[in-house]
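Residue numbers (mature numbering (1 follows the signal peptide of the UniProt record, and there is no 0)): -21 to -1, 1 to 135.
For every residue, glycine included, the Cβ atom is placed at its ideal position computed from N, Cα and C.
Take a look at the structure:
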């Protein structure tokens, strides 16, 4: 009986060691993606400060979807310009801030960013804030927003 228990214990120990080693080898290196996301987020709102849609458009993949709350999704290469104009001209967005809470994914083709955002009017007055979920895609031009979904924490 002792031999059987010993064999089972050794087999289970070997199994759990192998699973743990395999899990560790699957942990992707997200440093490149995290660095690119941080840089993109750093300049994102400069588009509104400078009223320069080119800065904004460059954050997105050509096949992106921007999914604002209470509105249809905007899709494709013209979606970022369409959204920029709406946010700048109709909403009055002039600055903002992203707070990244987590980044996860394979680190090779896609990663997901989870975070919080704040939006400011021209007089630097906070007018909205909420949370976001962005699926980033690695393109030949670097990491770009592929799916951008966000919602307000404020009741309107």
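(1) Taking contact to mean 3 or more Cβ pairs, one atom from each stretch, closer than 8 Å, check whether the segment 8 to 26 and the segment 109 to 128 are in contact.
(2) Please report the residue range of the alpha helix (DSSP H) in which residue 67 lies.
(3) Could you say which of 127, 134, 133, 132 lies nearest to residue 40 if we only look at CA atoms?
(4) Check whether the segment 39 to 55 touches the segment 80 to 95, taking contact to mean three or more Cβ pairs, one atom from each stretch, closer than 8 Å.
(5) To the nearest angstrom, report how far apart residue 62 and residue 6 are at their CA atoms.
(6) What are the complete alpha helix (DSSP H) segments, minimum 4 residues, inside the segment 2 to 55?
(7) Of all the options 33, 113, 123, 108, which has the alpha carbon lying nearest to the alpha carbon of residue 131?
(8) Where does residue 61 fall in DSSP's three states?
(9) Find out if the Cβ-Cβ distance for the pair residue 111, residue 47 is shorter than 8 Å.
(10) Taking the straight line between their C-alpha atoms, what separation do you get for residue 94 and residue 133?
(11) Out of 72, 19, 45, which has the shortest C-alpha to C-alpha gap to residue 101?
(12) Determine the closest residue to residue 21 out of 66, 74, 105, 53, with distance taken between C-alpha atoms.
(13) Please classify residue 92 as buried or exposed, where buried requires at least 16 neighbouring CB atoms within 10 angstroms.
(14) Using a 10 Å radius around the Cβ and a threshold of 16 neighbouring Cβ atoms, would you call residue 56 buried or exposed?
In brief:
(1) yes
(2) Residue mapping note: residue 67 aligns to position 88 of the chain shown, counting from 1. Unbroken run through residue 67: none, as it is neither H nor E.
(3) One-based indexing of the chain shown puts residue 40 at position 61. Closest by alpha carbon: 127.
(4) no
(5) Position 83 of the chain shown, counted from the first residue, corresponds to residue 62. Position 27 of the chain shown, counted from the first residue, corresponds to residue 6. Each residue's Cα considered, the two are about 35 Å apart.
(6) 10 to 23, 25 to 28, 32 to 36
(7) The residue given as residue 131 occupies position 152 in the chain shown. Per the Cα distances, 108.
(8) Start at 1 with the first residue of the chain shown, and residue 61 comes out as number 82. Helix.
(9) Within the chain shown, the letter at position 132 stands for residue 111. Within the chain shown, the letter at position 68 stands for residue 47. Taking 8 Å as the Cβ cut-off, residue 111 and residue 47 do not qualify as a contacting pair.
(10) For the purposes of this step, residue 94 is taken as the residue at position 115 of the chain shown. For the purposes of this step, residue 133 is taken as the residue at position 154 of the chain shown. For residue 94 and residue 133, the distance between alpha carbons rounds to 16 Å.
(11) Within the chain shown, residue 101 is the residue found at index 122, counting from 1. Comparing Cα-Cα distances from residue 101 to each of 72, 19, 45, the minimum goes to 72.
(12) Here residue 21 refers to the residue found at position 42 of the chain shown. Of the candidates 66, 74, 105, 53, the one whose C-alpha sits nearest the C-alpha of residue 21 is 74.
(13) Locating residue 92 in the chain shown gives position 113, where the first residue counts as 1. Buried is the call here.
(14) In the chain shown, the residue the question calls residue 56 occupies position 77. Its Cβ having fewer than 16 others within 10 Å, residue 56 is exposed.
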